[in-house]
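Below you'll find the structure, written out as structure tokens, and then a few comments.
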Amino acid sequence: MSQITNSLDPQSIDCKTACVNGCVLGDQCPNQEFAKAATQFIWDTPLDKLNEIAAARFTKPFESQLQPIDLDQIDLEQLDSES
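Adding 5 to a residue's 1-based position in the sequence shown gives its number in this note's numbering.
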């Protein structure tokens, strides 16, 4: 594999498609520092926090602004008189 790695030009590689199953450039990868930072982040972040981040990725934007409603604080008589 080192022969293949040596013949590849880092500037001509589209990592998004070429590195789906792992980096094809090895030590020549221009993204090594980002990979190290991502790995460190994963190791340093508790699993609950990682799950929270992942769940937030799929939350619709308006849902993140919703606040819980305390039903004990709602005056139903006042609501009826307003309608």
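Quick reminder that beta carbons are idealized off the backbone N, C-alpha and C, glycines included.
All values reported here derive from a predicted model rather than from experimental measurement.
Coil, strand or helix - residue i by DSSP
i	result
D80	coil
C20	helix
N26	coil
T50	coil
D14	coil
F39	helix
Q72	coil
Through-space distance from residue j to residue i, alpha-carbon basis
i	j	result
I18	P35	10 Å
T50	G31	26 Å
T10	C28	With a pLDDT of 48 at T10, under the threshold of 50, the modelled position of this residue cannot be trusted, and the question is left open.
C24	P73	43 Å
Q78	K21	52 Å
T44	S86	58 Å
For residue j and residue i, believed in contact at Cβ under 8 Å, the rounded distance
i	j	result
P15	Q37	Contact flag wrong, Cβ pair sits at about 10 Å.
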